[in-house]
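Accompanying notes for the structure given below.
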Amino acid sequence: MQILNFLKPNRDNIKNYSIIGSFLVLVSFIDVISNAFFKINITSFLPGSLTNLFPLILGFIGLNMMRIDYSGNKNLDLLNKNINTNNFNALLTLLILFSIIKALPQSLSWMILDATISGDSKDACTGTGACWTYIKVWFRRFMYGMYPNEFHWRINTAFILVIALGFVGYFMKENLKKYLALYYVIIYPIIAYLVIYYLISGGSFGLQWVETGAWGGLSLTFIVSFFCLIFCFPLGMIFALGRRSNLPVIKYISICYIEFWRGVPLITVLFMSSVMFPMFLPEDFFMDKLVRVIIAITLFEAAYCAEVIRGGLQSLPRGQYDAAKSLGMGYWKMHIFVILPQALKLVIPGIANTFLALVKDTPLIFVVGLAELAGMLALAKTNPKWLGFAMEGYIFASIVFWIICYAMSKYSYNLEAKYKTER
Amino acid sequence: MNNIIKKFIPQILAILFVVLIFGFLTINAQTNMDNRGIDFGFDFLSQESSFDVQFSLIEYSGSDSYARAFLVGLLNTLLVSFISIIICTILGIIIGVARLSSNYLIKNSAAWYVEFFRNIPLLLQIFFWYYAALRALPMPEKANAWFGVTYMTVKGYYIPSMVWQNLNVFLYCGLAAIVSIIVLKNYASKLRDTQGKQIPFFLYSVTLLVVLPLLSFLFGGVSLEFELPELKKLSKISYIYEGGISLPPELIALVLALSLYTSTFVAECVRAGIEGVTKGQKEAAASVGLTPNQVLKLVIMPQALRIIIPPTTNQYLNLTKNSSLAAAIAYPDLVLVFAGTALMQTGKAIEIVSITMLTYLTISLTIAAIMNWYNKKIEIKEK
């Protein structure tokens, strides 16, 4: 019994075991760190692949020794509970930590320590690290595309105006609040369109005309996703209501619409808008490529929106419909004042996901020749003065998109929590 | 009377609206095509395509018809979807289970994996793998062998190909194994229902699946040889591997991006499914006396799968549709071969874009129909 007690870590011999265990773990970490950061192999006396496995084995034994249930030591308990519950977990813990340590020096030196950011031509990048000079020089192009440099303030002003107008709803007076939906669905898109048209396109008020072919970069991504976002929501609502209608014709038209758009990939829709759609327009009627693309994406995303909203409508109990009807409400009154406010609250996460998908889909317009961020990267990559920096470009774009999408998804969690009603 | 008007007026208006739109578009298309001298029709499908495709699963050359080019594209699309679906399922299950781990590090690395890969647009990920990551690979002559026989180079991934002899005997043996497993399963469930006996069914079926095909090697005259890729010098500086199978970098980039991106969504489905089974179920099963393995197999998994499978199928469909992004890096899928090259050559915009869309639509609707049928079947029948 005594021997068993001695061999197995427990509360009686906690002192010895935890000290030996943590020492072994410490040694294993020192080995890995010195290997990764200082290129010193303190276990070079070991044969072959044992050198590489040495810290893993050592750490594993150490963690095994430290695993004492209800040790009474707060920190040790916390450690055991979180990363050291059994042998398998301990091994995974070590593997994750070691691979992070091994990857850290390489990526650090590539991204920061050996990287270059000074200078304004390719010659400045002589180090082995990343060439952020490339991003710095091309930054304005990545943001605004081929839009003339001296007019960039127009894009900025337009965006600030549109965002400010979007917040007007928050500050509306109480007696105007009932027109909030009207404002966001009809008035806001029109104002936003006018602002963007007159400021960014120009052509009047003494502003020079800039054709849409010159628009590009991240600002184009914002413009496309903004318009698709505000148009696809009402359209989706109409088709969601249509799909739940009692009138067979309207119901089947909605079903066909939704299933059609959900069944085809966006890229074919964009192809359609760029090569097939002009054939269907009257001869002397010209529609801008950007407008065509926005219409195509709106129609496409509206189908997804409709399905999400339908989910919300379906999850409302029948009693809500019956109660509204018994108050003498008609179809529209019932939906506007009773059904939709409740249903839309329920579908906030779903709608947020649809919008997120929309933002992530906008780089696809690159396929039909509109140079938003991905398109500008492709352009910059083939520029003979700046060959060979694809990696930096794509990492930069990924970071930008990641921040936007991550912020959006976090915001949707907040909204969801804010509008949550007890049922 | 009032009711009838209320019912019929909107419907008639809707029909009129749809008819008007379609009529307007058709008339425009007609006049446009007349003016440009294009005629509508699908005759071009049987004409000679006269373009080459880089990578194809079936025999194809420029002298084949457009219909065959379409088939080449479709097969390439299905190939990339199939490989990606398998990889993303495996990854998704691992990550989904890891997100529920009690280990703080594992849980959080899995969560960050999901947050990272799903918040970057798929197109950028494809570009990253194709233009940045895979371009950093060594040239063929400098490539190291992976597992001794495969070579990852900037020109693609070279793996040994299998040369079979009497393959059909082998396949028959495999088929026989599967049939006998089904028979065994019926027998086992009958034995369990009538006599309450359990036989180690899983062990038996694995044995059958291994032994029967092995027997075909010994007695059926089946043999398998590997053809290894070998380095060959084309000119002074240009080398290439010959023999074996070469997977083009476009395919690898596409599979990597698609499976990493979709695996995050699959992981979320798996997590939701496992979390969706209430704790009481597990406790109840344990209190009836089932072993932990039986609890997992007979109680948890059937319920979790019911939650997991429908949204996961949706993700597979999304993946198949997303594989059309292949066109951006010139992987010869349906969109690139048909809606790209073939459209350029024939100029039949309406026909080709409609065929492409209808193909995707057919795939989606077929899978959706199967899913609906499956959902009805596994639905919990409540009173």
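As given, the protein sequences belong to chains A and B, one line each in that order.
Residue 148 is where the first sequence starts when you use the working numbering, and the numbers rise one by one after that.
Residue 24 is where the second sequence starts when you use the working numbering, and the numbers rise one by one after that.
Beta carbons: idealized from backbone N, C-alpha and C, even for Gly.
For residue i, count neighbouring Cβ atoms within 10 angstroms of its own Cβ and tell me buried if that reaches 16, exposed if not.
i, result
"residue 178/A", "buried"
"residue 297/A", "exposed"
"residue 196/B", "buried"
"residue 40/B", "exposed"
"residue 507/A", "buried"
"residue 162/B", "exposed"
"residue 172/B", "exposed"
"residue 403/A", "exposed"
"residue 461/A", "exposed"
"residue 570/A", "At residue 570/A the pLDDT is 49, less than 50, meaning the model places this residue with poor confidence; the figure from the coordinates comes in the next sentence. With fewer than 16 Cβ atoms within 10 Å of its Cβ, residue 570/A is classed as exposed."
"residue 294/A", "buried"
"residue 32/B", "exposed"
"residue 46/B", "exposed"
"residue 186/A", "exposed"
"residue 212/A", "buried"
"residue 476/B", "The shown model of chain B, from 24 to 406, leaves out residue 476/B, and the question about it has no answer."
"residue 356/B", "buried"
"residue 59/B", "exposed"
"residue 246/A", "exposed"
"residue 338/B", "buried"
"residue 291/A", "buried"
"residue 510/A", "buried"
Grab the span of the alpha helix (DSSP H) containing residue i for me, first residue to last.
i, result
"residue 374/B", "372-401"
"residue 217/A", "Note, residue 217/A: premise wrong, no alpha helix (DSSP H); not H, not E."
"residue 138/B", "127-141"
"residue 269/A", "Here residue 269/A belongs to no alpha helix (DSSP H), and DSSP marks it neither H nor E."
"residue 368/A", "364-390"
"residue 304/A", "299-314"
"residue 89/B", "89-121"
"residue 525/A", "520-528"
"residue 311/B", "302-311"
"residue 238/B", "224-242"
"residue 545/A", "537-565"
"residue 395/A", "395-410"
Taking only beta-carbon positions, decide if residue i is within less than 7 Å of chain B.
i, result
"residue 501/A", "no"
"residue 272/A", "no"
"residue 236/A", "yes"
"residue 545/A", "yes"
"residue 533/A", "no"
"residue 521/A", "yes"
"residue 437/A", "no"
"residue 320/A", "no"
"residue 148/A", "Low confidence applies here, because residue 148/A scores a pLDDT of 45, under 50, leaving its location unreliable; read the following figure in that light. Chain B, which has no Cβ nearer than 7 Å to the Cβ of residue 148/A, makes this no."
"residue 570/A", "The predicted position of residue 570/A is uncertain, since its pLDDT is 49 and thus under 50; no value can be drawn from it."
Based on the DSSP secondary-structure assignment, which residues constitute the bridge partners of residue i?
i, result
"residue 268/B", "182/B"
"residue 263/B", "255/B"
"residue 249/B", "185/B"
"residue 240/A", "Partner(s): none; residue 240/A has no beta bridge."
"residue 319/A", "Per DSSP, none; premise fails for residue 319/A."
"residue 175/B", "180/B"
"residue 168/B", "174/B"
"residue 71/B", "88/B"
"residue 278/A", "263/A"
What are the boundary residues of the beta strand (DSSP E) that residue i is part of?
i, result
"residue 474/A", "No beta strand (DSSP E) contains residue 474/A, which DSSP labels as neither H nor E."
"residue 359/A", "Residue 359/A -> no beta strand (DSSP E), and no H or E assigned at all."
Comparing the C-beta of residue i with each C-beta of chain A, is any distance below 7 Å?
i, result
"residue 271/B", "no"
"residue 367/B", "no"
"residue 3/B", "Residue coverage of chain B in this structure runs from 24 to 406, which leaves residue 3/B outside it and unanswerable."
"residue 83/B", "no"
"residue 34/B", "yes"
"residue 286/B", "no"
"residue 344/B", "yes"
"residue 93/B", "no"
For residue i, is the beta carbon positioned less than 6 Å from some heavy atom of the ligand SAM?
i, result
"residue 337/B", "The ligand SAM is not part of the structure shown, which contains no ligands of any sort."
Would you call the stretch 117-124 of chain B and the stretch 518-534 of chain A in contact, with 3 or more CB pairs under 8 Å? no
How about the stretch 411-429 of chain A and the stretch 338-353 of chain B: do they share at least three Cβ pairs that are nearer than 8 Å? Touching, yes, given that three or more Cβ pairs across the two stretches are closer than 8 Å.
Contact between the stretch 201-210 of chain A and the stretch 164-179 of chain A is defined here as three or more beta-carbon pairs at a separation below 8 Å; is this criterion met? yes
Pair every Cβ in the stretch 281-301 of chain B with every Cβ in the stretch 96-115 of chain B, then say whether three or more of these pairs are closer than 8 Å. yes
Decide if the stretch 546-553 of chain A is in contact with the stretch 450-458 of chain A; the criterion is three or more beta carbon pairs, one per stretch, under 8 Å apart. no
Three-pair Cβ contact test at 8 Å for the stretch 388-405 of chain B versus the stretch 429-449 of chain A: no
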